[in-house]
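**Q** There's a structure below that I have some questions on.
Protein chains in written order, with UniProt numbering: chain A, 1 to 319; chain B, 1 to 292.
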């Protein structure tokens, strides 16, 4: 069908299809003026660094910032990474960190939003207090928790000793076994409010009439939640989980400030490891190769993220 | 009659059980959230000696505001530094916010209203920025900033911070504009307004809540940013608060009351800003992002 009409129109068109696109662009030239500032800023800060990082990942650099003296080594950096033991340790840490932080932040945020949905005295104040950890700086949060976890004077250790649960304060962030879970607790503390806000916003789109209709029909609280509320939250939940997963995968401040990746790499995740390779040990080539691998992983997640976002839009328009 | 009353009584009991579970859960979440913040405040009003006692002073025996006085005293070297960092953070965050709104508003409007070629591609390219961690961009941006002569200047931070704020700002605002009926602009056009006038006089005022929400988001993001500030700035008088506080701690590793007081003061502006304007933020999320 389309090809037939295309042929019928072809002789009347002044130029080939390419010219049509260009003319289309030209006709909309004023539109681009609106997006141009945003695009220019993004190009400078994204496109150039991406090109530069990919390029640098094929070089090795002398141990100084004289990047001009780099030497081409092909895929050596990639090979060195994939065969190193630290890589697998750090990757495992990153997976645990991202998975637990995302799932638990989302679950706690979701449950809190539901529990806060019904009006009661003090709800506004309670909601405000619960949001604060998300608003304050991660640096401040890291220091607050570093002090709480302190191996001699930390308040949690003191409580555990006071209750007779432990003989002496545990080394939360100074021991290999407990450091990662301890940092995840801090991360969730900062992140569950974000999930809570998103779900709260989602709950406002659930039509009250539907809920009261279900109630009149004798649906239990659980049935009303499962059959009415939850389907309305599916889209916002997808977006929230994806945003949390990306944010957690890209975390830096909490492990960097609280432990610097230690003890013995037990709390190094990808980003802190890359930072240390680049700015600590000046191994720019290896750090860039790590970054390129990270790109590939993130582009894969990004594909689903974009699809989730655009999928929501399409469904909405059809409805 | 008897049947209906039992039928009514049973669901209510169940609802009560859910309500109690919800209350207990909220109580636990309140403890989790508030205990660290309360402990920060209690530590900040102790003396350095009182903070390091075993068992700890659950309530400060001799509360003192000495740490706050030290931080706010411009005569004292610690205080002078702290006030300087505070001022730097304020400048960088304010500039980022203003420029962010100026750039995001027209872009979001165009993505919502116009159908130019490449629109979808550009929109998703903008959104993708949020996918990438700061670390990936650090080295090339550092070199770029050196080339632009912006290293050790707040300009390098403002330009970089703009790009984190933009994706979410554009996304939220676009949702907002999608909800404003296009007939309003069409009416204005019929009355003789140009497209830009219709945008400025009709659409902009209606989108003020969305603009406030994105402005809060940009401001808080810039205020709390750490990695770029840590890498781009070396001169002590240029540091922003997160980096400044880290430097403070590395020089005074046992002054926990001072550290907690500094953390508290650093949190106050963004917490107040957010709590005062949070209704706009939640509304923007509801109308902009979630509905669509």
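From the three backbone atoms N, C-alpha and C, an ideal C-beta is built for every residue, glycine too.
Counting only runs that start and end within the region 38 to 86 of chain A, where is the alpha helix (DSSP H) found for 4 or more residues in a row?
**A** 48 to 56 and 76 to 82
**Q** Given the structure, does residue 91 of chain B come close to the ligand FAD, in the sense that its CB is under 7 angstroms from one of the ligand's heavy atoms?
**A** Only the bare structure without any ligand can be found here, which leaves the ligand FAD out of the picture.
**Q** In the structure shown, what three-state DSSP assignment does residue 174 of chain A receive?
**A** coil
**Q** Output, in chain order, the set of chain B residues within a Cβ distance shorter than 9 angstroms of residue 31 of chain A.
**A** 110, 113, 114, 115, 116 and 119
**Q** Sort B/53, B/234 and B/174 by Cα distance to residue 150 of chain A and report the nearest one.
**A** B/53
**Q** Measure the alpha-carbon distance for residue 257 of chain A versus residue 186 of chain A and round it to whole angstroms.
**A** Roughly 12 angstroms separates the two Cα atoms.
**Q** Any idea what DSSP makes of residue 307 of chain A, helix, strand or coil?
**A** Here DSSP, grouped into helix, strand and coil, assigns residue 307 of chain A to helix.
**Q** Does residue 263 of chain B have its Cβ less than 8 angstroms from a Cβ in chain A?
**A** yes
**Q** Considering Cα atoms alone, identify which of B/42, B/142 and B/70 is closest to residue 60 of chain B.
**A** B/42
**Q** Answer with yes or no whether the minimum CB distance from residue 181 of chain B to chain A is below 8 angstroms.
**A** no
**Q** Which residues of chain B have a Cβ atom closer than 7 angstroms to the Cβ of residue 250 of chain A, listed in chain order?
**A** 133
**Q** So the alpha helix (DSSP H) residue 189 of chain B belongs to, where does it begin and stop?
**A** 182 to 190
**Q** Pick out the complete alpha helix (DSSP H) segments inside the region 72 to 152 of chain B, 4 residues or longer, and give them in chain order.
**A** 77 to 113, 119 to 128 and 134 to 147
**Q** Return the first residue and the last residue of the alpha helix (DSSP H) that residue 229 of chain B is part of.
**A** 227 to 232
**Q** Is the region 268 to 279 of chain B touching the region 121 to 137 of chain A, taking contact as three or more C-beta pairs under 8 angstroms?
**A** yes
**Q** Along chain A, which residues have their Cβ under 7 angstroms away from the Cβ of residue 65 of chain B?
**A** The premise fails here: residue 65 of chain B is roughly 19 angstroms from chain A at the closest Cβ pair, so nothing lies under 7 angstroms.
**Q** If you pair each beta-carbon of the region 230 to 244 of chain B with each one of the region 101 to 120 of chain B, do three or more pairs fall below 8 angstroms?
**A** Not touching, per the Cβ criterion.
**Q** Return the residue from the list A/128, A/222, A/218 and A/224 that minimises the CA-CA distance to residue 200 of chain A.
**A** A/128
**Q** What is the rounded straight-line gap between the Cα of residue 82 of chain A and the Cα of residue 88 of chain A?
**A** 8 angstroms
**Q** With 8 angstroms as the limit, tell me which residues of the region 204 to 238 of chain B have their beta carbon closer than that to any beta carbon of chain A; keep them in chain order.
**A** 220, 223, 224, 226, 227 and 231
**Q** Among A/203, A/263 and A/188, which residue has its Cα nearest to the Cα of residue 244 of chain A?
**A** A/188
**Q** Can you give me the Cβ contacts of residue 240 of chain A inside the same chain, cut-off strictly under 6 angstroms, excluding the 5 residues immediately before and after it?
**A** 195 and 198
**Q** Exposed or buried, what is residue 207 of chain A when buried is set at 16 or more other beta-carbons lying within 10 Å of its beta-carbon?
**A** exposed
**Q** Buried or exposed for residue 246 of chain B, please, with buried defined as at least 16 other CB atoms from any protein chain shown within 10 angstroms of its CB.
**A** buried
**Q** Which word fits residue 227 of chain A, buried or exposed, when buried means at least 16 other C-beta atoms lie within 10 angstroms of its C-beta?
**A** exposed
**Q** On the criterion of 16 or more Cβ atoms from any shown chain inside 10 Å, does residue 201 of chain B qualify as buried, or is it exposed?
**A** With a threshold of 16 other beta carbon atoms within 10 Å, residue 201 of chain B falls short and is exposed.
**Q** Residue 260 of chain B touches chain A at which residues, Cβ-Cβ below 8 angstroms?
**A** 143, 144 and 147
**Q** Against residue 58 of chain A, what residues of chain B qualify as contacts under a CB-to-CB distance less than 7 angstroms, listed in chain order?
**A** Here the premise fails: no neighbours, minimum Cβ distance about 15 angstroms.
**Q** Does any C-beta atom of chain A lie closer than 8 angstroms to the C-beta of residue 267 of chain B?
**A** yes
**Q** Could you run through the region 12 to 45 of chain B and flag, in chain order, every residue whose CB is less than 7 angstroms away from some CB of chain A?
**A** 14, 15, 18, 22, 25, 26, 29, 30, 32, 33, 34, 36, 37, 39, 40 and 43
**Q** Judging by CA-CA distance, which residue of A/55, A/86, A/92 and A/91 is the nearest neighbour of residue 74 of chain A?
**A** A/55
**Q** Is any beta-carbon of chain A found at less than 8 angstroms from that of residue 60 of chain B?
**A** no
**Q** Starting from residue 276 of chain A, follow the alpha helix (DSSP H) in both directions and report where the run begins and ends.
**A** According to the DSSP assignment, residue 276 of chain A belongs to no alpha helix (DSSP H), since it is labelled neither H nor E.
**Q** Indicate whether residue 337 of chain A and residue 180 of chain A have their beta-carbon atoms separated by less than 8 angstroms.
**A** Because residue 337 of chain A is not part of the residues shown, which for chain A are 1 to 319, the question remains open.
**Q** Are the region 184 to 192 of chain B and the region 101 to 109 of chain A touching, with three or more C-beta to C-beta distances below 8 angstroms?
**A** no
**Q** Under a CB-based cut-off of 8 angstroms, is residue 165 of chain A close to chain B?
**A** no
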